[in-house]
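Below: one structure, written as structure tokens.
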DNA sequence: CTGAAAGCGCTTACAG
DNA sequence: CTGAAAGCGCTTACAG
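Residue numbers (this note's numbering), protein chains in the order written: chain A, -15 to 329; chain B, -15 to 329.
Pasting the structure below:
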């Protein structure tokens, strides 16, 4: 039982060195209780001495199953997804699953490429945030086909686009509805919204919630203060600049994601205006920096860390029980109206 | 050549359906130029019709080499690492490499577990940010042994702790030196520093740069305004509160990472003070929110996106040319003294 | 409790 | 240009 002098030690080397068969070594690795204590100890010693660690590749091939979970996310540098991803990692790590990462940059081509990779890698399950609203584009079938071709189940996160798989997302429509109502109760009659494009499912959800809220509050819809661009900082920035020039000004503004909120604030700030003096404001998602600095910031809070954790749990459950009915989990976003005073700049 | 009706289509199914051998199918997958055009077209048709995609697991085992790169990062929700990770993903994606992700939470145990996983997964190469300063802990050999046991080369990123592998990091010492000098030139003689712990390599680097700067400027070192906690928000917050109570106040403060800067600003803000009226301030790393809002913020800028891209490039190069000499790449951090005016809160 | 053998889905050196 | 065969490093049903 001298040290094995080889670069890549395999199960055969261990078996030989311990004077047993590969099968027995494999058993101490997988079901040690089946192996006689003395043989087991001997084998374990050889394994330890040689720092042997079995190849996941070989095991996966043999078992016809992999131990890695795939995750496809738009972009990790947006805090919402960063925290989502951390939640995911916490649970996969606890369950000794590896994590294969791919970003799709909200881009259809990259998304397809990512899906193909997950396929080829035979991931055990996939956590999937679709890049775009494929339903709108008439590409839903193509995507569904790709999901069906995967080796494991899929959970679709954050964006519900009608895919046949488990889903988990926030109730953005309701949250928006409540935001509008809160503003209306506060006396606001002209409530602007800066939102993403009509192709985006979430933007539509949020738009509908906004309309719900107006109707419920008896406020007429005014297209001139409904702004739709994309979910990027720069688009929100220029729409805000436009808004500021409007004859008939809104008194309150709702911004539909983090980047939009930032673009909005930047434009306001640059113009020498301040919140809430110029407009009452409610943003979607917290902005960490404001929170850390203790600056009150009205927003809809969505716990994306929790979202990530729950998503993995559902996926693991689905892997264990493939036949149970598909589920849609809806998480509640919470309206956080702090002091109704934003940073005074 | 009817559609194959099976759940998991393999190369044998394709071969059979196309009336050729597995070897030939494999060739059209790997080196199509070796295959006769007509046979190739026939095979390609069958592949497409059946949406066949070869198993990376089987291929990896057969080729004795994997197509995934591992990455071990402290935490993705810190913007510095989030952007680093995006840089990494961009390059791996371009090179059709998959990315196996693990976080270590700046925690030794998780770090070891992550390394073991990378071993077992036989990653082609590893991008590694060590959780802690193992040299200090006398565990360098253990870590080195783990790195040596990996299937591929390693690039150590952001923290140089004396590991035998390629390295890339920022010249923090020089950046700190320059920050101190800039403040001294501006007339400051009492320059405080809020820094991470002595166990942390980077904290030591930064500390040394600070001392260099003082010496060069003929300023005596004053221990009472050198604060060392950890790199967390809360620690910086309480140290700042302490600092504010000091008899002999500093006139300028340097904070040694993002979280520390935030804790510092929060404490300053809460006390009703403002920057730069109370203290001139230089932080390490940008703070996105301040930047977006157009609020001037003196800081040392480190492009972590670039760091990530370069790291992968070096790793890919090392994989291609294993025998070339190990390299240490030092990136320059840049002092950005905007208007020397920070947010007025 | 243990071993020999077949098999997982590929690749590739070899022969033709 | 193509195929048969061996091999990659495991697991597991089967026999003993």
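Positions of the beta carbon are idealized from the N, C-alpha and C atoms, including for glycine. None of the values given here were measured: they were computed from a predicted structure.
Item, Value
"Neighbour-count burial assignment, residue 83 of chain B, 16 or more Cβ in a 10 Å radius", "buried"
"Extent of the continuous alpha helix (DSSP H) to which residue 179 of chain A belongs", "Here residue 179 of chain A belongs to no alpha helix (DSSP H); instead the beta strand (DSSP E) covers 175 to 179."
"Option in A/21, A/268, A/-13, A/188 with minimal Cα separation from residue 120 of chain A", "A/188"
"Where residue 48 of chain B falls, given that 16 or more other Cβ within 10 Å makes a residue buried", "exposed"
"is_contact[residue 103 of chain B, chain A] using C-beta, thresh 7 Å", "yes"
"Residue 330 of chain B versus residue 312 of chain B: straight-line alpha-carbon distance, rounded", "The structure shown does not extend to residue 330 of chain B, since chain B is modelled only from -15 to 329, so the question has no answer here."
"Cβ contact check for the region 150 to 161 of chain B and the region 112 to 129 of chain B: 3 or more pairs under 8 Å", "no"
"CB contact below 7 Å: residue 69 of chain B versus chain A", "yes"
"Helix, strand or coil at residue -1 of chain A according to DSSP, with G and I counted as helix", "helix"
"Whole-Å CB distance - residue 69 of chain A paired with residue 60 of chain A, under 8 Å assumed", "6 Å"
"Chain-ordered residues of the region 26 to 45 of chain A with a beta carbon less than 8 Å from chain B", "35, 37, 38, 39, 40, 41, 42, 44, 45"
"DSSP beta-bridge partners of residue 154 of chain B", "B/315"
"Range covered by the alpha helix (DSSP H) that runs through residue 191 of chain A", "185 to 200"
"Where residue 110 of chain B sits in the DSSP three-state scheme", "strand"
"Residue-chain proximity (residue 109 of chain B, chain A), Cβ-Cβ < 7 Å", "no"
"Pick from B/164, B/50, B/196, B/172 that is closest to residue 268 of chain B, judged by C-alpha positions", "B/164"
"Rounded C-alpha distance that separates residue 54 of chain A from residue 105 of chain A", "9 Å"
"Reference residue 255 of chain B; option with closest CA among B/283, B/225, B/264, B/236", "B/225"
"Nearest to residue 233 of chain A (by Cα), restricted to the options A/296, A/190, A/199, A/262", "A/262"
"Cβ neighbours of residue 228 of chain A in the same chain (closer than 6 Å, five flanking residues each side left out)", "255"
"Inter-residue Cα distance where the pair is residue 71 of chain A and residue 270 of chain A", "17 Å"
"Test: residue 273 of chain A CB closer than 7 Å to a CB of chain B", "yes"
"Straight-line gap, residue 86 of chain A to residue 167 of chain B (C-alpha atoms, nearest Å)", "43 Å"
"Closer than 7 Å to chain B by CB, residue 60 of chain A", "yes"
"Chain A contact for residue 133 of chain B (CB, 7 Å cutoff)", "yes"
"Amino acids of chain B, ordered along the chain, whose beta-carbon sits closer than 8 Å to that of residue 106 of chain A", "39, 40, 41"
"Length of the line joining the Cα atoms of residue 260 of chain A and residue 295 of chain A", "37 Å"
"Min CB distance residue 380 of chain B to chain A below 7 Å", "Residue 380 of chain B is absent from the model: chain B starts at -15 and stops at 329."
"Local Cβ density within 10 Å of residue 302 of chain B, reported as buried at 16 or more and exposed below that", "buried"
"Secondary structure of residue 296 of chain B, DSSP reduced to three states", "helix"
"Same chain, Cβ closer than 8 Å to residue 39 of chain B, neighbours up to 5 away in sequence not counted", "-6"
"Residue 240 of chain A vs residue 190 of chain A beta-carbon contact at 7 Å", "yes"
"Cβ-based burial, residue 81 of chain B [other Cβ within 10 Å; buried from 16]", "buried"
"Any chain A beta carbon closer than 7 Å to residue 253 of chain B", "yes"
"Whole runs of the beta strand (DSSP E) within the region 78 to 127 of chain B, excluding any shorter than 3 residues", "82 to 87, 109 to 112"
"Nearest-angstrom Cα separation, counted from residue 37 of chain B out to residue 12 of chain B", "12 Å"
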